[in-house]
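Engineer:
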Amino acid sequence: METETGKSKKPEKQLVLVTEDDDLNYAYLEKALKRLSISVIRAHNGREAINICRENTRIGLIIMDIKMPVMDGWTAIRKIKSLRPELPVFVVTAYMLNNEEHISYEAGCDEYMTKPVNFSILARKLKKYGLG
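Here the sequence shown is numbered in the working numbering, starting from 284 and rising by one per residue.
Printed below as a string of structure tokens:
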């Protein structure tokens with residue numbers, strides 16, 4: 284995309300919803316995303332994420348934890364994908380159970396990463412989806 288001055292501009296949806304109940308994990312992701320000039324909003328659980336996705340069409344991508352109170356990430360991903368199937372979802376989790384990655388992709392996630400998240404890998408994956 285080019286502006287009138289001929290300079291390229293980033294896609295309009297430079298807004299990421301981070302669904303994370305842990306304050307330290309959220310702070311790390313927020314800092315990493317802002318370093319890439321990406322705006323961030325937060326949901327503390329899956330139910331909040333669904334409500335935010337219903338109300339805010341500017342969200343270009345979701346980063347979703349799995350183990351959260353109220354509603355887990357897998358349930359939230361399924362519901363969000365039924366509302367907005369085109370919306371990319373990255374699962375970021377501290378747990379490395381044998382079948383967790385498989386369940387995440389089955390639920391509809393587009394990318395899977397384990398915590399602690401490596402900044403370079405996150406940046407590369409975001410770029411693949413037109414962010415950062």
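By construction, the Cβ of each residue, glycine as well, lies at the ideal position given by its N, Cα and C atoms.
Just to confirm my understanding: we take Ile333, look at its own chain, exclude 5 residues before and 5 after, and list those with CB closer than 8 Å. What are they?
Structural biologist: Along the sequence shown, one-based indexing puts residue 333 at 50. Within the same chain, Ile333 has close Cβ partners Met354, Ala359, Lys362, Ile363, Leu366.
Engineer: Among all the DSSP beta bridges, which residues are the ones paired with Thr376?
Structural biologist: As a position in the sequence shown, residue 376 is number 93, starting the count at 1. Paired residue(s): Thr397.
Engineer: Let me check understanding here. Comparing Cα to Cα, which of Leu316, Pro352, Pro399, Asn308 lies closest to Gly329?
Structural biologist: Within the sequence shown, numbered from 1, the residue matching residue 329 stands at position 46. The residue with the shortest Cα to Cα distance from Gly329 is Pro352.
Engineer: Going by the CB atoms, is the gap between Ile324 and Leu344 shorter than 8 Å?
Structural biologist: Here the question's residue 344 lines up with position 61 in the sequence shown. Here the question's residue 324 lines up with position 41 in the sequence shown. Not closer than 8 Å, so no.
Engineer: Quick check on this structure: which residue in Val400, Asn382, Ile342 has the alpha carbon closest to the alpha carbon of Gly413?
Structural biologist: In the sequence shown, residue 413 corresponds to position 130, counting from 1. It is Ile342.
Engineer: Hey, Lys398 and Val375 are a contact pair by Cβ (cut 8 Å); roughly how many whole angstroms apart?
Structural biologist: As a first step, residue 398 is located in the sequence shown; it is residue number 115 there, counting from the start. As a first step, residue 375 is located in the sequence shown; it is residue number 92 there, counting from the start. Rounded, the Cβ-Cβ distance is 6 Å, consistent with contact.
Engineer: Checking the sheet assignment: what are the DSSP bridge partners for Arg325?
Structural biologist: If you number the sequence shown from 1, residue 325 lands on position 42. Within the DSSP bridge table, the entry for Arg325 names Val301 as partners.
Engineer: Should Pro371 and Asp348 be called a contact, given that it needs their Cβ atoms to be closer than 8 Å?
Structural biologist: Position 88 of the sequence shown, counted from the first residue, corresponds to residue 371. Position 65 of the sequence shown, counted from the first residue, corresponds to residue 348. No, Cβ-Cβ distance for Pro371 and Asp348 is not below 8 Å.
Engineer: Excluding sequence positions up to five away, which residues of its chain have a Cβ less than 7 Å from the Cβ of Ala406?
Structural biologist: Translated into the one-based positions of the sequence shown, residue 406 becomes position 123. If we look at Ala406 and ignore the five residues flanking it on each side, its Cβ neighbours are Leu319, Gly415.
Engineer: For the putative contact between Ile335 and Trp357, defined by C-beta atoms under 8 Å, what is the C-beta separation to the nearest angstrom?
Structural biologist: As a working note, residue 335 is residue 52 in the sequence shown. As a working note, residue 357 is residue 74 in the sequence shown. Contact flag wrong, Cβ pair sits at about 18 Å.
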